[in-house]
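Quick notes on the structure that follows.
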Amino acid sequence: LSTSPIREPSVGQMDVGSRIKRVSIEGNIAVGKSTFARLLQKAGQDWEVIPEPVSKWQNVEGTSQTSASNLLDMMYADTPRWSYTFQTFSLLSRLRTQLQPPPAQLLHSSDTPVQVYERSVYSDRYIFALTMFQLGCINATEWAVYQDWHSFLLEQFGRLVQLEGIIYLRAPPETCMTRLGMRGREEEKGVKLDYLQKLHSQHESWLIDKTTVLHSEKLKQLPVLVLDAGVGFEKDPKVQEMLITQVKGFFK
Ligand code: TTP
Numbered sequence: 005l006s007t008s009p010i011r012e013p014s015v016g017q018m019d020v021g022s023r024i025k026r027v028s029i030e031g032n033i034a035v036g037k038s039t040f041a042r043l044l045q046k047a048g049q050d051w052e053v054i055p056e057p058v059s060k061w062q063n064v065e066g067t068s069q070t071s072a073s074n075l076l077d078m079m080y081a082d083t084p085r086w087s088y089t090f091q092t093f094s095l096l097s098r099l100r101t102q103l104q105p106p107p108a109q110l111l112h113s114s115d116t117p118v119q120v121y122e123r124s125v126y127s128d129r130y131i132f133a134l135t136m137f138q139l140g141c142i143n144a145t146e147w148a149v150y151q152d153w154h155s156f157l158l159e160q161f162g163r164l165v166q167l168e169g170i171i172y173l174r175a176p177p178e179t180c181m182t183r184l185g186m187r188g189r190e191e192e193k194g195v196k197l198d199y200l201q202k203l204h205s206q207h208e209s210w211l212i213d214k215t216t217v218l219h220s221e222k223l224k225q226l227p228v229l230v231l232d233a234g235v236g237f238e239k240d241p242k243v244q245e246m247l248i249t250q251v252k253g254f255f256k
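Per our numbering: the sequence shown ends with 256, consecutive numbering throughout.
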């Protein structure tokens with residue numbers, strides 16, 4: 005287990021407007037973001053985890069005329085038809101969840117309160133929507149409309165969900181493929197290794213090589229903590245402790 009040799013400023017060195025620091029956990033599908041988020045929650049009372057609203061995507065509320073639908077399933081079953089709709093909805097549901105006011109105990113905590121997001125509005129755009137556009141599953145018009153929505157929503161609300169850092173759980177796509185198979189989420193049955201490889205390269209371009217063209221310079225300068233998630237950490241207390249120590253160092 006090791007961290008990346010890339011040296012970044014720590015979160016604590018950043019000029020933070022509020023006492024609460026916001027950090028997102030990024031990484032490939034099935035790398036273990038939720039497991040890691042739960043670990044963080046257990047390790048620090050001043051850390052609140054905001055889970056990803058996957059269940060909302062699996063159960064989009066119906067109206068009096070329509071029944072509920074599973075948009076995640078629809079997206080995997082007919083990707084070119086549903087990717088744009090999926091990305092627009094995931095952006096909306098994520099923003100709505102992340103805009104909820106923090107619990108009072110977090111605001112009044114004496115230490116450094118941290119909100120941990122599972123993914124962010126940035127991975128929505130620069131990992132998934134961009135990949136779908138590059139694969140031809142979102143057309144040029146849909147991509148333009150999506151980006152327009154994204155930029156507008158961030159102009160309006162970005163300040164309230166602004167990140168001070170990113171934790172990148174990095175693992176080979178083959179490892180993620182194995183973990184994805186083990187968890188057996190019904191909708192993901194058709195996911196192939198080459199899709200995970202593409203998403204992996206997208207994470208690398210954004211968070212390691214910094215070659216993704218981002219909408220803001222500030223975003224490019226966010227500190228990134230790279231953690232090796234290739235080693236299974238779910239059941240190994242020693243590995244967990246090592247990872248937590250690295251995260252605590254990042255917050256100093
Ligand atoms: P992930 O956000 O990768 O969540 P996960 O449950 O795989 O995370 P982990 O196992 O690391 O805890 O993706 C959830 C599902 O939604 C996955 O099938 C990919 C899909 N998805 C998209 O297609 N587009 C998106 O923008 C997002 C955020 C997810």
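Cβ coordinates follow ideal geometry from the N, Cα and C atoms, glycine included.
1. Could you check the C-alpha separation between K239 and S155 for me, to the nearest Å?
2. Please tell me whether R187 has its Cβ less than 8 Å away from any Cβ of chain D.
3. Note down the Cα distance separating I170 from Q69, rounded to an integer number of angstroms.
4. If you compare alpha carbons, which of K202, D152, Y126 and L229 is closest to L218?
5. Roughly how far, in whole angstroms, is the beta-carbon of E56 from the beta-carbon of E159, given that I think they are within contact range, below 8 Å?
6. Using 10 angstroms around the beta-carbon of L111, count the other beta-carbons present and answer buried if the total reaches 16, otherwise exposed.
7. If you reduce the DSSP assignment to three classes, tell me which class D50 lands in.
8. Using three-state DSSP, classify Q119 as helix, strand or coil.
9. From the DSSP output, read off the bridge partner residues of S73.
10. Indicate the three-state DSSP secondary structure (helix, strand or coil) for K256 in the structure shown.
11. Alpha helix (DSSP H) containing S155: first to last residue?
12. Give me, in chain order, the residues of the same chain whose beta-carbon lies closer than 6 Å to that of Y88; leave out the 5 immediate sequence neighbours on both sides.
13. E192: beta carbon under 7 Å from a heavy atom of the ligand TTP?
14. In angstroms, rounded to a whole number, what distance separates the CA positions of L164 and R85?
15. Less than 7 Å separating the Cβ of E146 from some heavy atom of the ligand TTP?
16. Locate the beta strand (DSSP E) running through K25, then write down its first and last residues.
17. Here's a check: name, in chain order, each residue in its chain whose Cβ is nearer than 6 Å to the Cβ of D115, leaving out the five neighbours to either side.
18. Please list, in chain order, all residues of the same chain as Q244 whose beta carbon is under 7 Å from its beta carbon, the five residues on each side excluded.
19. For A34, which three-state DSSP category applies?
20. Could you give the distance in angstroms between the alpha-carbon of P107 and the alpha-carbon of S28?
21. Give every residue of the same chain whose Cβ lies closer than 6 Å to the Cβ of M78, excluding the five residues on either side of it in the sequence, and list them in chain order.
Answer, in terms of the structure:
1. Translated into the one-based positions of the sequence shown, residue 239 becomes position 235. Translated into the one-based positions of the sequence shown, residue 155 becomes position 151. Cα to Cα, the separation comes out at about 40 Å.
2. Checking the listed chains, one finds no chain D in this structure; it contains a single protein chain.
3. Counting from one through the sequence shown, the residue named residue 170 turns up at place 166. Counting from one through the sequence shown, the residue named residue 69 turns up at place 65. Approximately 42 Å between the Cα atoms of the pair.
4. Your numbering for residue 218 matches position 214 in the sequence shown. Answer by Cα proximity: Y126.
5. Within the sequence shown, numbered from 1, the residue matching residue 56 stands at position 52. Within the sequence shown, numbered from 1, the residue matching residue 159 stands at position 155. Not quite, the Cβ-Cβ distance comes to about 23 Å (not below 8 Å), so this is no contact.
6. Along the sequence shown, one-based indexing puts residue 111 at 107. Answer is exposed; the Cβ neighbour count stays below 16.
7. Taking the sequence shown and counting its residues from 1, one reaches residue 50 at position 46. DSSP places D50 in coil when its eight states are reduced to three.
8. As a position in the sequence shown, residue 119 is number 115, starting the count at 1. Strand.
9. Position 69 of the sequence shown, counted from the first residue, corresponds to residue 73. Paired residues: V64.
10. As a first step, residue 256 must be located in the sequence shown, where it is residue number 252. In this structure, K256 counts as coil in the three-state DSSP scheme.
11. The count along the sequence shown starts at 1 and reaches residue 155 at position 151. It spans A144 to F161 - the alpha helix (DSSP H) in which S155 sits, taken as one unbroken run.
12. Stepping through the sequence shown from its first residue, residue 88 is reached at position 84. Close CB contacts of Y88 within its chain, under the 6 Å cut and outside five residues either way in sequence, are with I142 and E146 (chain order).
13. Within the sequence shown, the letter at position 188 stands for residue 192. Yes.
14. Here residue 164 refers to the residue found at position 160 when the sequence shown is read from its first residue. Here residue 85 refers to the residue found at position 81 when the sequence shown is read from its first residue. Cα to Cα, the separation comes out at about 32 Å.
15. Within the sequence shown, residue 146 is the residue found at index 142, counting from 1. Result no, Cβ not under 7 Å from the ligand TTP.
16. Walking along the sequence shown from the start, residue 25 turns up at place 21. For K25, the enclosing beta strand (DSSP E) begins and ends at K25 to G31.
17. Along the sequence shown, read from residue 1 onward, the residue named residue 115 stands at position 111. So the qualifying residues of the chain are D50.
18. On the sequence shown, residue 244 is found 240 positions in, with the first residue counted as 1. L43 and F237, listed in sequence order.
19. Locating residue 34 in the sequence shown gives position 30, counting from the first residue. If DSSP states are grouped into helix, strand and coil, A34 belongs with coil.
20. Here residue 107 refers to the residue found at position 103 when the sequence shown is read from its first residue. Here residue 28 refers to the residue found at position 24 when the sequence shown is read from its first residue. For P107 and S28, the distance between alpha carbons rounds to 18 Å.
21. Taking the sequence shown and counting its residues from 1, the one referred to as residue 78 is at position 74. Answer for M78: W86, listed in chain order.
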